[in-house]
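Note that my numbering has the sequence shown beginning at 148, numbered continuously upward. Glycine is no exception: its CB is placed at the ideal position from the N, C-alpha and C atoms. Step one of this worksheet: look at the structure below.
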Amino acid sequence: MDAPIDEVLTRARRLVEEGEQGSARAALFAGLSRAHPAADPVLARAIAEARVRRGARTAPRRFSRPLAALAVLMLPVSLGACSSPMDVAEAERAADATCEILRPLPGVGSADCTVDDGGFDAGISRDTNVELDRRATAEQAHRVITTWLSSKDGGFDEYEVSGSGAAPLHLTVATVAEASFTVGPGSAPTGVTFVQEWLGRAQNGMPISASVDDGRRIRLAEDGLSPAEQADLLDEFSMQTRTDLLTLAIGSDSTIESPVPASLGPILREFDAAHRGLARNDPERELELRVDVFKSGPPRLWWRIPTALAPTLTSDTALTDAPGWASIRTLLEAAAPGGDVYSVTITARPGQVLGRFSTSGCEPELSGPAAQFGAELQTQWATIHGIDPTTAACVE
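Below you can see the structure in the form of structure tokens.
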């Protein structure tokens with residue numbers, strides 16, 4: 148026979164007093180679910196109170212006193228679902244110990260090690276934020292990283308400390324906005340050279356962030372770069388030859404995984420004249436080029452042309468007769484056949500995909516909205532470059 152609700156409450160109180168908040172909550176929910184059709188105690192109380200307000204004689208009065216006691220009991224039980232004071236205290240000890248070893252290191256301007264108790268069932272995290280001196284060297288920054296990674300209270304690969312886990316190390320540079328370096332706990336130490344790639348540019352005011360975790364990533368918060376400027380960045384970071392599988396993110400959308408085809412830089416520079424022409428008629432600064440390079444396939448270029456130069460959404464005319472054809476044609480002309488294969492997608496308004504084409508000779512199969520002009524861009528590209536679209540063979 149199920150225990151009366153009074154016994155359920157008494158047992159739950161005793162477990163709370165003994166520090167077994169989790170067991171208390173489990174016993175409470177189990178007992179209440181058998182005694183009342185609403186398994187959620189908050190819902191149970193709401194049902195009971197609603198019945199009283201309606202004056203329903205059928206309301207089971209025997210639940211009113213237990214539910215009142217339940218409201219009192221739920222506070223410590225709910226708090227028990229959060230982080231325990233002992234675990235929080237141990238996390239704070241570990242955080243303090245981490246800062247004690249980082250603050251004296253050369254190149255460190257300040258170090259802040261804090262604890263986030265995580266709220267309801269979210270777990271405790273230990274956050275480490277280090278601001279480097281404006282003139283710190285890459286060697287000094289690298290020492291901060293390796294010291295943190297080797298510390299049992301910091302980001303060592305066994306970084307669980309009595310119920311808490313280390314959050315990534317966050318490095319910034321004094322007086323430099325939008326520059327940060329993030330290291331995940333347990334990461335393999337990165338070399339000084341990679342740190343220098345970030346730090347040298349950050350100290351020169353470049354909005355750059357880098358991260359080390361299960362891979363290496365550099366993000367440049369630079370939107371609106373021309374094709375030639377993006378090609379220069381590929382050269383600057385040696386994306387054609389590096390073997391450390393760096394992911395370079397340019398602006399808010401581009402994702403470029405190394406190594407990239409050696410021809411990608413020249414390909415981008417071929418589009419620079421077209422970019423300058425489109426930019427002259429772009430008062431709203433909508434023109435955008437995004438470049439994606441993944442190991443799984445050829446490079447993908449994504450152009451957004453200005454709305455003022457684009458066909459209307461409701462256009463039912465042929466592409467070559469539509470407003471904006473001249474702008475689209477400049478991009479088709481710049482994509483010369485031969486060499487490494489790549490694809491181009493042309494968009495305009497948000498959600499408006501005008502079409503796609505590939506220098507392989509066949510329309511690329513890419514996910515996303517259907518093209519407004521179907522396969523017409525592929526056909527027009529072939530015609531412009533003297534290729535018979537009816538006999539063109541796909542080049543892998």
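Would you tell me roughly how many angstroms separate the C-alpha atoms of residue i and residue j, rounded to the nearest one?
i: Val235; j: Cys260; result: 13 angstroms
i: Ala426; j: Arg432; result: 8 angstroms
i: Leu346; j: Ala285; result: 7 angstroms
i: Pro484; j: Ser490; result: 11 angstroms
i: Arg290; j: Gly265; result: 30 angstroms
i: Ala368; j: Met386; result: 18 angstroms
i: Thr526; j: Gly515; result: 20 angstroms
i: Arg389; j: Gly338; result: 14 angstroms
i: Glu278; j: Gly310; result: 27 angstroms
i: Pro408; j: Arg447; result: 12 angstroms
i: Ile493; j: Arg364; result: 27 angstroms
i: Leu296; j: Thr275; result: 11 angstroms
i: Pro511; j: Ser356; result: 33 angstroms
i: Phe328; j: Ala242; result: 19 angstroms
i: Gly312; j: Thr294; result: 17 angstroms
Have a look at the DSSP bridge pairing and note the partners of residue i.
i: Glu435; result: Arg451
i: Ala125; result: Residue 125 lies beyond the stretch modelled for the chain, which goes from 148 to 543, so this question has no answer here.
i: Phe328; result: Leu318, Ala357
i: Phe504; result: Val491
i: Glu376; result: Per DSSP, none; premise fails for Glu376.
i: Cys260; result: Thr275
Within 10 angstroms of the Cβ of residue i, are there 16 or more other Cβ atoms? Answer buried if so, exposed if not.
i: Thr245; result: buried
i: Gly533; result: exposed
i: Ser399; result: exposed
i: Glu344; result: buried
i: Thr506; result: buried
i: Ala314; result: buried
Grouping DSSP H, G and I as helix and E and B as strand, with all else coil, what is residue i?
i: Leu524; result: helix
i: Gly265; result: coil
i: Thr464; result: coil
i: Phe341; result: helix
i: Cys509; result: coil
i: Gly312; result: strand
i: Glu551; result: Because the chain spans 148 through 543 in this model, residue 551 falls outside it and cannot be assessed.
i: Val440; result: strand
i: Val235; result: helix
Decide yes or no for the touch test of the region 364–377 against the region 404–416: beta carbon pairs closer than 8 angstroms, at least 3 of them.
yes
Take every Cβ of the region 520–532, pair it with every Cβ of the region 461–481, and state whether three or more of those distances are shorter than 8 angstroms.
yes
Looking at C-beta atoms only, is the number of pairs between the region 318–328 and the region 350–358 that lie closer than 8 angstroms three or more?
yes
Below 8 angstroms, how does it come out for the region 282–302 and the region 249–259: are there three or more Cβ pairs, yes or no?
yes
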